[in-house]
Every structure is written in C-alpha cells, then in structure tokens.
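*Asks:* There's a structure below that I have some questions on.
Residue numbers (this note's numbering), protein chains in the order written: chain A, 1 to 523; chain B, 1 to 523.
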C-alpha cells in the first residue's frame, strides 16, 4: 500500500440538518464575581456553582483546580469552561481565559478495515470544516479482519495494530491543519467502526470475536478519554464509539441505520453495506433484523485479475453498445487505464448481460473466453485489460451471497420482496456503483429509482450526528438494543439459497421488472 | 519532633451507630451467564447491565475492560465488582474473582495541623478495625498553619508539604498491618481536615487562604481518586474530603457539627474545638454561626515555660488542698515529670484559683512569683517544674479570646448565655481537659455536667460517617451550605471584648453559678 497514490476514499456524507445541537462537549462563558468580603466563595466552587445552575452536578477534576484561580485573575474573572458529557453528568475538561465559546471543535471519525476518514466538525454550527482520508495503516498486518485478529494474537500484535490505527488517525488529524486552532482545542470525538476496529483501537483483544459463541469484550464502551487511547486531541476529550450489536455488526452499521432513518419509518426498508465485510439490515420502526459476513474484496477490486481499488487509472464506468458490441469507458482521473474498480466491474457485467455476451447464468456465450475492456494500446501497462469467466464467477459468489442472505432475512421475518419500500446503499457500495447497472445485475433491488438512496459515508455521518446530538446518541443506543442478529453461518438454509442464487439479476426474474423489460427490448 | 516518643494522640471517637450503611464504595457479587449462541452479549456489557439493574448508569473504565473476560473465564463467571460513587453515578473500580463482598475496607482519616489519625473501617459492618496515629510530618516545616502557608510559597515548598502529609498517611496505612488484606483492597477514604491541610494534601496553593479576602481555591473538592493524590490504597479509590466553609472553617469543623447533631436540635448548642486553631460554632436546626482564629498552642503546651504535649512524663492532673496548699499530681505513663500538658495546666490554674493563690484577674496573691507544681527532686530533669505569672498571662490570652469570641457570636445573633442548652467540646480540648477545672477557669460554660459532651476525635468520626453513609455526606454538605461565618478579625468589638474578658472564670461571674458557689464555700 503506497501512500503516494492519492486514494479515492468515500468521505461524502448525506448530511442531515440537526436541530437543537447538543454536542458531547459544551463551552460555557462565565463572568465571575471577584471575591470580596461579602462573597468570598472559593474560586473552584464559584465556577462549579455557576455551571451547576444549567448542568446539574458538575465534576471539576483535581488537575484543573490549580489553573482556575490563576486564569480567574489573569483574565479578570472572564473565562470559558469546556464541559464534557461523561454519560452520567458533566465534567469540566478545560478552562480558558476570556470568551472562546465560538472556538469549539470535534471530530467525527469513520474507521474502516481498509480506509479511515476524519472530519473536523464545528460544534457551534454542526458543519464539517475539513476532512482527511487515508488507508488504514493496519493493512500491512492483513487486508481483512480475520487476518488482523490472527495477527493480534501474535507477540506484540495487538499493540502493533492499535499503534497502526492511532498513527493513521493522528496523521489525519495533523493533516487537517493549518487551521487557526491547535489539536488540543478539539475537545470531543465520535467514532463509527466495526467491532474489531473498535477493539483494536481500544487495545482490547479481539480473539473472541471470531471464536464461537462470537462474543466481543464490549459492544458499548461508553465514554473514554482521548489520552486513555492515545488520540492526539485534548487529553480529556470524551471519545464516544457508536455501539455495536455483536462481533459482526458494528457501530458502523448502527450508524448506517441511524442515518437512513429506516428505524423510524412504518414502511419496510432494506439497508446494505458491502465493503471488506457485508452487512444487511431489514426492518422498520417496529423491528429490525440483520445479518453480516465477510464479503471479500469483490467490490474493492480484489477478486478479478485486473481488479483494483478506485484509485487513479481505474476503469470506473463502462458502456457496451448492444448493437455493435463497441465498448466505451472512463477512468478515475482520466489517466491511462491500470485496472478495473468495483463500479467499472458492475458496469461491465451489466453491459455484458444486457448485450447478450453473458447469459442469466453469468456465463460467456458463443465460445467467448474473456472480454477485453481496455485494449493493450490504451492501457498503462501496454497489455489488454480483460474480464475472464473466472473473474465473473468470483464476483458472482459475492453477489449471490448478498442475494441469498437478503432472501433468508426476508423469509425469516415473513416479508415479501414487494413489501420493501426503500433501499439504502451505504458506503462506497452505495456511493460509486452505477445504479442502473447495480439493479441490472441484481446487486440493488429493482425499486423506483427515487426509493434507492445512496447514504454516502454513513458511518462518518452517524459519528457526526452523535457527536452533535444527545438525542441521536440515545437513538443509536436504542437501535443497538432493538436489532435482532441473524446468524448466517449457523443456518444451513443459507448454503441452499446461495447455490441457487447465482443468476443475473436473480433466480426470480419477476423481482426485477425493469431489467426484464430491458432484456425483452434488447432481444 | 521525635518519632521515638510515643505520642498521645486523640483517636477515640464517640461512634454513633449508623443505620442503613451506604458506603462510598459497594461490592456486588455477580453470577454471570457464560455466553452462548442464545445470549452472546459482550462480557463487559453483561457485567454493566447486571449492575445497572440496581445502580443506574454504571461506568466501566477502559483500563478494567481487558481483565473482565479473563476473570470471567478463570473464575467460572462468578465475580465481585467494586463500585465507587463519583458524585454523579457509579464507576466500576475493581473486578475480583469469586465472592469477596465480605472483604470491604475503607479509611476514615483525620488530618490535623499537628496530628494525623487513620482508621481502618470495615465497610460491611461500619466498625473501626484498627487505627494508627502520628504527628504530621509537615511539623518540621512549621508548627502552625501560617508558617506552613509561608513555606508553601518557597521554591518546591508546596510539593514538600504535600509529600510530608502523604508520607505520614502512607506510613500510618502500612502500620495498620499485618492484616489479612493488602492496601490495594482499601477502596475508599474520607477525610476530615482544616482547609489548609486539604489544600496541601491536594497540592493546591494555600496562599490565598491567609490573604484578604481569604478565599481558598476550593471548599468542596468532590471525589478525587487515590492515585491523583498519591494515597497508597486502591488507585481508583474515591477520596472524599469533608467540605469546608472557608479559609478558617474546615471540614474538620463541619464534621464536628455533624457528629454533635446540633444542626438537628431545636435547642441552641455551643460547639468549641481548640487545637492549633480554635473554632466556635453556635446554633440549632434553624441557624448556625461560626468564628475561628489561630488559637496558639496554649493547650498543647506551647505557651508556658514547662509546657509540653501530652506525652509520657507530662503532668496531666493536679490537685491543691485549699486548706494546706499541698499539691498532688499525676503524669502520663506515671513517669518522672518532664513538663505540664494542657490538662495539667487547666487543673493547676483552676486549683490555684479555688485555693486563692491567684485572684479573679489571674494574678498571684501575696507576693508569690511562681508556683512549684513538681519539686526538683521529683522531676526528671532535677529542676523545679513551675508555673509563672507570665505563663498564666499567656494562657489567659487564649482563654480570653475563646470567651470574647463566644460572647461576640452570641451578641451577634441575639442569644443570651442562659439559652445555651448543650456544650460540645471537640478534639483533645474536649477529650482530655478535666471538666470541673475547665468550667472553673471559664474555658467550658457552667452547664449541667450532663449537657457537656466530649465529642472525641469528631473529625475522624465524621470521616467515618460520610465514608459509610450517603445521607451523612449530604447532611455534611447541607451544614456547609448553612453555616454563617463571622469574621473576628474584621470586628473591632472583638478587641474590646478581648481586653475585658481576661477574668476567671469570666467577666460576668453570674454566668458561672457552680464556680461562684465553690469560691464562696472555699472562702
């Protein structure tokens, strides 16, 4: 993994406007009375009593007490207190001279197995001021979660993995600058991540996550101070991790549900996030069921010969004229093609299918062995960039797993596919895949296009929401308490479904009326 | 100050039985469900959820999380959690294998300017298991509070003073052993001490305590963890300091009021503690007024030529036959006399007065210059141990200050001396002074003897009570919010009273009917 390549990492968020901001930390301007013989309360007590008028019982740590009288006198009794929510009440974590209430910053963080995004949030306005993204430094210790968990069991492995993600985070935090603030002025952080990423960040052994009965050490770690982890912001800044539900359903998924709003709608929605892992959630305001599994890197370029991540030079869009068989494509950054990323692959498959190059079994027709997407003379390497039958088969395994898992979830709750009113596509899976092609090959359901919603980096957006809103945080915890996890590995019906679901777009073509129409019109 | 001498330090407490013990820390035995596919909650979450059934929102620190799964498995899912009150809710501070709920210990601590007492409390039963006492190591940096405050302003002075009191405390804690527990099993502490002692213990600059407008840095420090101070018990043990009211009215006095119960009686009581400092409180369930000042070491042997603390060889009781003028005395430990301690001095003065050797002005009669308490041949040094007119004058200054301060307090609230129903004498001043003699010279009021109550080490007893009882802690905080401090230094009437109050037993002899009768019968 080279850091010289500028990766395309999903940072865009579908930002919901939040009303009535109640961030994890508050800044309160205090104008105190200089002590006199009439009011000779102790300085610390006066600060606490003023804050307690609005914030209930307030805790002032011993470490801050010596600074309070000094700042009181140097700043002529005008000061700003920063209060942090500790889950039980408020703790003063900083005292600054004068009125600094407008300088109020926090971080929303999305830690993916592959990529990490840090957003600097203005806690007064709720807006994203800047963001920075990079690959997770842990990748050198394993591309997928299972490899990382194994690595954490080696001597010093857990500490190395923790240090790696902290290095990534602290480097990204520094890269948010130059700004008119120091990193110490960032006084809160909220994190969306899968359960293993949270364990590694907190230095907790993830071994039990992948061993029956698959219990993590903790699902809801509560509030942890930045210095306990080593996150280089204000040392007493509260760090809140979105709660997870279990080993395979992390805070990133809870965050996705939160951002989608599906937990508040009477209609049934389907939520899908396919990254290094895949998670599927089905439900409405009354019930939520979910399943998850390792998705493999199918959509991150890992299963095809010429697959690559969505970096410069990746083929990201493909069209085939069904009449002539002529292909047209685009690449990230308009550079000579180096490979094919997820969206390019989805387009290629859909176009091959619509043009009749592959059939409903996803098999090349008429003796074709492979399809040249980019001819040698246009490719950066000077070699043809192709999609082979093996590539297609590998991809179909992922797609088939998504289809069969979804079908099992629906069967399990007795929900027919006609009942699904909304489809929420999270992460890069939702953001970059071409909707028509994704429907054509059956990755997305064939709903009215307005009912297909791309959530963007919903893990990062959920982190922003819980950073800024107490009610959103309680909502996230309520979601975590409500989701029923459906164990696929324990279900032999999954393998039956799986082997029967490797069709384009789906075993049951009637579920895909728009695709059926296009096939008929192309025929 | 030699540590080889075994000091007589007041450790006795008038222990009130406490009903419904609610100590600062609780131990809760948990029998968890081993995780299964039916209940695969995370270990930390299961522990927290079980505790939250009885304790509301419970915080589990990150530092404890890695140990929970390990102990769960090694102890077959039977474990004991120690919860600490943090003022806002409960935090888990320890997890032990098996059921250790009966091993539950805390410390009640009295830190005096001169002496320090540590009590080991069984938090299950509420009883004192052991105690240890010693002089405060800070004494080498100054005998009185003002000298210590000055010392704290020197380079490194504050750190030296903090280290000195911590050395004293940690040495005393170790001296509580051998016991079947480690110091790490002591999971809570409560402290009664004056405001300066608390500042020095917490490492807070006490400079403002002795500078107008006499505001401490903090009066109510709340809960502080033992490791933040350096107290060598469980590092996360909450340390609670009885709240103070101001620079000169500390948690030791609030504790005295709490233990006396005067704040809950309809009758008016007078509370007096004369140690290195003197504090006087007057009031009832409706109001409380208090004043304080440096008492000087009059009762600790510091103002007379042959004065000494109540150590072995100190003359502690004296009687003079009014007919013959013959003297009899006893010494601490029945050793050859080395000097006279407070109780011996009070006896000597009372007996000199009743025998007519000194008059109501406390002046020797008939040309006498001094009085030989112990003749040379009985004294350890081989020299006469005497009380001189200068010694008496110095002592009368302290006594006069106590009388005039009390009178001013009463005048201030319009309370006549006949209205006082109870007299609470705290500390060594209450424990060791002979009651009849103390009344005779006017240190104690002339009340029915059953209304004169010795409170013992009420600072230590109050610490025990708030360690064990949440309602007592709230009561202490309510007292701190209720007492009106009466500033003597700011009151020119004090000096007038003072100069007029150097009589035996008091300017107004009618206030001392029993003394008046004895004088008449001796005449």
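Ideal Cβ positions, reconstructed from N, Cα and C, are used throughout, including at glycine.
Using a Cβ cut-off of 8 angstroms (strictly closer), state whether residue 218/B contacts chain A.
*Replies:* yes
*Asks:* Using 8 angstroms as the limit for Cβ to Cβ distance, is residue 82/A near chain B?
*Replies:* For residue 82/A, the closest Cβ of chain B is not nearer than 8 angstroms.
*Asks:* According to DSSP, which residues form a beta bridge with residue 90/B?
*Replies:* 58/B, 85/B
*Asks:* Taking C-beta to C-beta, are residue 354/B and residue 518/B nearer than 8 angstroms?
*Replies:* yes
*Asks:* With three or more C-beta pairs closer than 8 angstroms as the rule, is the stretch 311–319 of chain B touching the stretch 282–291 of chain B?
*Replies:* no
*Asks:* Touch check for the stretch 13–33 of chain A and the stretch 187–206 of chain B: three-plus C-beta pairs under 8 angstroms?
*Replies:* They do not touch, by the three-pair rule.
*Asks:* Enumerate in chain order the residues of its own chain whose CB-to-CB distance from residue 1/A is below 8 angstroms, with the five nearest sequence positions on each side excluded.
*Replies:* Here residue 1/A scores only 34 on pLDDT, less than 50, and its place in the model should not be relied on; the value that follows carries that caveat. Cβ within range, chain order: 135, 139, 140.
*Asks:* Let me confirm a value: residue 522/B is counted as buried when at least 16 other C-beta atoms fall within 10 Å, else exposed. Which label applies?
*Replies:* Burial is judged here by how many other beta carbons sit within 10 angstroms of a residue's own beta carbon; residue 522/B has fewer than 16 and is exposed.
*Asks:* Which residue wins for smallest C-alpha separation from residue 452/A, given the options 20/A, 424/A, 74/A?
*Replies:* 424/A
*Asks:* At a CB distance below 9 angstroms, what residues from the stretch 350–383 of chain A approach chain B? Give them in sequence order.
*Replies:* none
*Asks:* Check whether the Cβ of residue 35/B lies closer than 8 angstroms to any Cβ atom in chain A.
*Replies:* yes
*Asks:* State the start and end residues of the unbroken beta strand (DSSP E) segment that holds residue 190/A.
*Replies:* 186–193
*Asks:* Just the chain B side, please: which residues come within less than 8 angstroms of residue 85/A by C-beta, in chain order?
*Replies:* Those within 8 angstroms of residue 85/A in chain B number zero; the least Cβ separation is about 11 angstroms.
*Asks:* My guess is that residue 402/B and residue 385/B are in contact by the Cβ rule of under 8 angstroms, so how many angstroms apart are they, rounded?
*Replies:* With a Cβ gap of about 25 angstroms, residue 402/B and residue 385/B do not count as contacting.
*Asks:* Quick check on DSSP: helix, strand or coil for residue 422/A?
*Replies:* In the three-state reduction of the DSSP assignment, residue 422/A falls in the strand class, which pools E and B.
*Asks:* Anything in chain A within Cβ reach of residue 214/B, meaning under 7 angstroms, just list it in chain order.
*Replies:* 40
*Asks:* So, does the CB of residue 65/A fall closer than 8 angstroms to a CB anywhere in chain B?
*Replies:* yes
*Asks:* Could you name the residues of the same chain whose beta carbon sits closer than 8 angstroms to that of residue 494/A, not counting the 5 residues immediately before and after it, in chain order?
*Replies:* 404, 405, 408, 488
*Asks:* Alpha carbons only, please: which of 256/A, 359/A, 434/A, 209/A is nearest the one belonging to residue 343/A?
*Replies:* 434/A
*Asks:* What is the DSSP secondary structure of residue 120/B, counted as helix, strand or coil?
*Replies:* strand
*Asks:* Sorted by chain position, which residues of the same chain lie with C-beta nearer than 6 angstroms to residue 394/A's C-beta, five sequence neighbours on each side aside?
*Replies:* 303
*Asks:* Hey, would you say the C-beta of residue 272/A is under 7 angstroms away from at least one heavy atom of the ligand SAM?
*Replies:* Only the bare structure without any ligand can be found here, which leaves the ligand SAM out of the picture.
*Asks:* Are residue 191/A and residue 480/A touching if we call contact CB-CB under 8 angstroms?
*Replies:* no
*Asks:* Name the chain A residues whose beta carbon is nearer than 9 angstroms to that of residue 224/B?
*Replies:* 61, 62
*Asks:* List, in chain order, every chain B residue whose beta-carbon is nearer than 7 angstroms to that of residue 483/A.
*Replies:* Chain B residues near residue 483/A: none, gap ~13 angstroms exceeds 7 angstroms.
*Asks:* Tell me which residue opens and which closes the alpha helix (DSSP H) that residue 476/B is part of.
*Replies:* 470–482
*Asks:* Contact criterion: CB-CB distance below 8 angstroms. Does residue 341/A meet it with respect to chain B?
*Replies:* no
*Asks:* For a contact defined as C-beta to C-beta under 8 angstroms, what are the partners of residue 165/B on chain A?
*Replies:* Correct list: empty, because the minimum Cβ distance to chain A is about 15 angstroms.
*Asks:* Excluding the 5 residues preceding and the 5 following residue 86/B in the sequence, name in chain order all residues of the same chain whose CB lies nearer than 7 angstroms to its CB.
*Replies:* 223, 238
*Asks:* How would you write the range of the alpha helix (DSSP H) that residue 411/A sits in, first residue to last?
*Replies:* Residue 411/A: member of the alpha helix (DSSP H) spanning 389–413, first to last residue.
*Asks:* Can you tell me which of 356/B, 279/B, 511/B puts its alpha carbon nearest to the alpha carbon of residue 321/B?
*Replies:* Here the closest residue by C-alpha is 356/B.
*Asks:* Find out if the Cβ-Cβ distance for the pair residue 275/B, residue 428/B is shorter than 8 angstroms.
*Replies:* yes
*Asks:* Counting only C-beta atoms, is residue 89/A closer than 8 angstroms to chain B at any point?
*Replies:* yes
*Asks:* Go through its chain and collect everything with a Cβ distance to residue 61/A's Cβ below 8 angstroms, but skip five positions before and after it.
*Replies:* 91, 92, 93, 236
*Asks:* Quick check on this structure: which residue in 212/B, 440/B, 193/B, 231/B has the alpha carbon closest to the alpha carbon of residue 219/B?
*Replies:* Of the candidates 212/B, 440/B, 193/B, 231/B, the one whose C-alpha sits nearest the C-alpha of residue 219/B is 193/B.
*Asks:* At which residues does the beta strand (DSSP E) containing residue 106/A begin and terminate?
*Replies:* For residue 106/A, the uninterrupted beta strand (DSSP E) run begins and ends at 105–111, by DSSP.
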